[in-house]
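Undergrad: Just so you know, we're using the numbering used here here: the sequence shown kicks off at 2 and counts up by one.
Every residue, glycine too, gets a C-beta built ideally from N, C-alpha and C.
Remember, predicted model here, so these are calculated numbers, not experimental data.
For reference, the structure I am asking about is given below.
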Amino acid sequence: MRKIRILLIILIASISLLQAQTTDQTQSKVLLASSFYRNNDFAKAAPLYLELFESSNSSYYFENYINCLIGMKDFEEAEKALKKQNKKRKEANYSIMLGYIAKEKGDVEKAKSIYDEVLKDMPNNIGLVVSIANNFFNRREYEYAEKAYMRGRELVPGEMFRSNLATIYAYSRNYSRMMEEYLWLIKEDEKQLQSVQGRLNSLIRYDFDKTLSTTVKKEVLRKINEEPNSLIYNRLLIWFFIQEENYDLALSHSISLDKRTRSEEGAILDFSFAATQNELYDIALRGLNYLESRTPVVKNLPEVKRQIVSVEYRKFISLPADQRVSAEKLMSKFDQLLAEQGFTAQNSAFILDYAHFLAFYLNQIPKAFEMLERAVDLPDLGNLQRSALKLELADLNVYDNNLWAATLLYAQIIDSNKDNPIGDEAKLKKAKLGFYLGDITWAKAQLDVLKASTSKLIANDAMELSLLIASYYELDTVDLPIQIFARGDLLTFRNKDNEAIETYDSIIALFPGHSLQDKILMRKAQISQKNFRFEEAVGFYKQLLADFASSTSADDALYNMAVIMEEKLGQKEQASELFKQMLTTYPSSIFTADSRQRYRKFRGDLPEDEVPATEAEKERMLNETFRPE
């Protein structure tokens, strides 16, 4: 009995081992076949898929086998295999493959006959309708994919397949029909609006000839004229204006809609936030001022009032001194709102803005300290709120040259925010403080860690300073020049710009021809930019590019100069050429993606060879955005 039990155990173990080996072999074969298939090496993939099909009877392997034969132009073998399989189990997909092969062989009439028969025999089952349409779609038989869904509408009462049809029309560039389906879709189910907006947004990004944009606007306006009381079309139109960056018109329509419905206050507030982020302060204020004065009173009036003052503050700091409103007037608005709403945790972000305004723009440092120290001790503050206030307090200590106090505060923030961006921001500021103080090696070690930060802005800042230090030590082993440079950076942070420039220039005087020359030009350009001397900044950037075109600062200089040309000097043509130069001269720069987007915005009407990979990218975008459902 014991021997029998042992034999059974051995037998079971052997069977299990054999099964495991077989599974491993099959998996290896699948991976190998897939690799060949993806690389269009159909001659090697075909026999593997045939073996897999014969051992599993899986239609997936069979279809890939047929696709390999089609890819090899072995139509006779493909037809033979399909007909054999169809005799065993007739499937619409196999018939579609036969039709496709007939078309590839030049027999269009036979293909049409086969396709028509598939449509005629289509069952009244939603899943099978979609499957058949997708099989046509995958063969790029968009006309028959459309016919399949239209036939499906007849067979399955109440099912319109609108999203599916819109996808087909997107691929076939039939934008009028696509919009017709989308407009019906959001009318029947308003919850689909966000999905439709997402898909349209993906298409609009590649709409270089504006064909789609023109169609979208035309079709939405047509529906609004036909159904003026339908709010969903108005909301889509407002969204479309925002995509076109026609923010003024978008806000006008939002306000008009709210006057009719009293339901758009949330949308207008969100729009004002977005306008503020895009530095469109006058438009943001127009929306907020409307909400403040609206009757009936909006539910979130305190938030609206806070935002008005915050936007006025951001507008103030974005303008040169001679274009700003009275600083005392803005200060009075801050004080008035705090008196009205209270010095509370709910107003912590507002308090932070006010303290920054007082210290960095009015030089009222004692009042800023008093305000932040009081705010940090407020009850009911969340950790992120308290940390943000402490971060501002630490910056204020750096600004006031209390560097040890700043170090302690940065350390506290890091300790209480180990896994979120504000902790990384504190680490970056602490590393910069170490740099200012001349602890260059320690600072670089911290910066190298921060290059992996999940915050792109923090990672880029860390990368920039780390590269500066690394490139310096590649060419020099003397600490004094970079310590002087760091001192200049500290003075810049403290708004002592003239002293900073003198400090940077002293490096050139003491060490003629020093390797930091390009970085000094960069810093002087940034100071000019900060002080709204944009033409002067462009001059520094041009000098840097002329003398140090291969330096690690060159791409920054070219990009910054292009942005100034576009946004500050209004020299669009020159900006366009500079963004184009970014793409060709510095293709690996972190600014390349934004440069490409800006260049295309300028040159969307150019021939395809001047807008790289337009059609290929359109096809890729369609594949990523529109998946057959």
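Could you tell me whether the segment 185-192 touches the segment 205-212, where touching means 3 or more Cβ pairs closer than 8 Å?
TA: no
Undergrad: Given that a residue counts as buried once 16 or more other Cβ atoms are within 10 Å of its Cβ, and exposed if not, what is alanine 103?
TA: Residue environment analysis places alanine 103 among the buried positions, since at least 16 neighbouring C-beta atoms fall within 10 angstroms of its C-beta.
Undergrad: Applying the 10 Å Cβ sphere with the 16-neighbour rule, what's the burial state of leucine 392?
TA: buried
Undergrad: Just mark glycine 288 as buried or exposed, buried being the case when its beta carbon has 16 or more other beta carbons within 10 Å.
TA: buried
Undergrad: To the nearest angstrom, report how far apart aspartate 449 and lysine 430 are at their CA atoms.
TA: 14 Å
Undergrad: Comparing C-alpha positions only, which one of Thr262, Leu204, Arg263, Leu292 sits nearest to phenylalanine 272?
TA: Leu292
Undergrad: Does DSSP put histidine 515 in a helix, a strand or coil?
TA: Three-state DSSP puts histidine 515 in coil, outside helix and strand.
Undergrad: Cα-Cα, which of Phe549, Thr593, Pro588, Ala547 is closest to valine 564?
TA: Thr593
Undergrad: Apart from the five residues on each side of it in sequence, which residues of its chain come closer than 6 Å, Cβ to Cβ, to asparagine 136?
TA: So the list reads Asn94, Ile97, once near-sequence residues are dropped.
Undergrad: Rounded to whole angstroms, what's the CA-CA distance from alanine 376 to methionine 464? Just pull it up for me.
TA: Their backbone Cα atoms lie some 33 Å apart in a straight line.
Undergrad: Kindly indicate which residue of Met73, Asn125, Ser203 has the alpha-carbon position closest to the one of alanine 46.
TA: Distance check between alanine 46 and each of Met73, Asn125, Ser203 places Met73 closest, using alpha-carbon atoms only.
Undergrad: Nearest by alpha-carbon distance to leucine 379: which of Pro367, Tyr355, Ser349, Ala407 is it?
TA: Ser349
Undergrad: Looking at the structure shown, is alanine 356 part of a helix, part of a strand, or coil, going by DSSP?
TA: For alanine 356, the secondary structure class from DSSP, reduced to helix, strand or coil, is helix.
Undergrad: Return the first residue and the last residue of the alpha helix (DSSP H) that threonine 216 is part of.
TA: 212-227
Undergrad: Might you give, ordered along the chain, the residues of its own chain that have their beta carbon closer than 8 Å to the beta carbon of glutamate 266, omitting 5 neighbours on each side?
TA: Around glutamate 266: Asp259, Leu292, Arg295, Val299, Lys300, Asn301.
Undergrad: How is methionine 123 classed by DSSP in three states: helix, strand or coil?
TA: Methionine 123: coil per DSSP, three-state reduction.
Undergrad: On the premise that asparagine 398 lies in contact with alanine 406, defined as a C-beta separation below 8 Å, what is that separation, rounded to the nearest angstrom?
TA: Under the criterion of beta carbons closer than 8 Å, alanine 406 and asparagine 398 qualify as touching, at roughly 4 Å.
Undergrad: How would you label glycine 128, buried or exposed, when you count the other beta carbons within 10 angstroms and need 16 or more for buried?
TA: exposed
Undergrad: How close, in whole Å, do the beta carbons of phenylalanine 535 and leucine 570 come, if the pair is a contact with beta carbons under 8 Å?
TA: Confirmed, Cβ separation roughly 6 Å.
Undergrad: Is isoleucine 225 closer than 9 Å to tyrosine 234 when the C-beta atoms are compared?
TA: yes
Undergrad: Going by beta carbon distance, what residues of the same chain come within less than 7 Å of glutamine 701, once the five residues before and after it are set aside?
TA: Because the chain spans 2 through 630 in this model, residue 701 falls outside it and cannot be assessed.
Undergrad: Identify whether threonine 168 lies in helix, strand or coil by the three-state DSSP scheme.
TA: helix
Undergrad: Compute the Euclidean distance between the alpha carbons of valine 221 and leucine 458, then round it to the nearest angstrom.
TA: 38 Å
Undergrad: For alanine 444 and glutamate 374, what's the separation of their Cα atoms in angstroms?
TA: Those two C-alpha atoms are separated by around 28 Å.
Undergrad: Consult DSSP for proline 380 and reduce its assignment to one of helix, strand or coil.
TA: coil
Undergrad: Look up asparagine 301 in the DSSP assignment and say whether it is helix, strand or coil.
TA: coil
Undergrad: Is leucine 320 buried or exposed, if buried means 16 or more other CB atoms sit within 10 Å of its CB?
TA: A residue is called buried once 16 or more other Cβ atoms fall within 10 Å of its Cβ, and leucine 320, having fewer, is exposed.
Undergrad: Spatial neighbours of proline 613 within its chain, please: C-beta separation below 6 Å, excluding the five flanking residues on both sides.
TA: Low per-residue confidence applies at proline 613: pLDDT is 40, beneath 50, and the placement is therefore not dependable, though the value from the model is reported in the following sentence. Hits under 6 Å: none found.
Undergrad: Do valine 312 and threonine 277 have their C-beta atoms closer together than 9 Å?
TA: Less than 9 Å separates the beta-carbon of valine 312 from that of threonine 277.
Undergrad: I'd like the ranges of any alpha helix (DSSP H) spanning at least 4 consecutive residues and lying wholly in the segment 500-580.
TA: 518-531, 535-548, 555-568
Undergrad: Reducing DSSP to helix, strand and coil, say where valine 326 ends up.
TA: Three-state result, valine 326: coil.
Undergrad: Output needed for glycine 439: all residues of its chain with C-beta closer than 7 Å, excluding positions within five of it in sequence on either side, in chain order.
TA: Gln484, Ala487
Undergrad: Apply the 10 Å Cβ neighbour rule to lysine 525 and answer buried if 16 or more other Cβ atoms are within range, or exposed otherwise.
TA: buried
Undergrad: Should leucine 338 and arginine 307 be called a contact, given that it needs their Cβ atoms to be closer than 9 Å?
TA: The criterion of a C-beta distance shorter than 9 Å is satisfied by leucine 338 and arginine 307.
Undergrad: Is there contact here, the segment 115-135 with the segment 156-167, by at least three beta-carbon pairs under 8 Å?
TA: Counting Cβ pairs under 8 Å, three or more are found: they touch.
Undergrad: Between which residues of its own chain and leucine 353 is the CB-CB distance below 7 Å, once the five residues before and five after are set aside?
TA: Ala389, Leu390, Glu393
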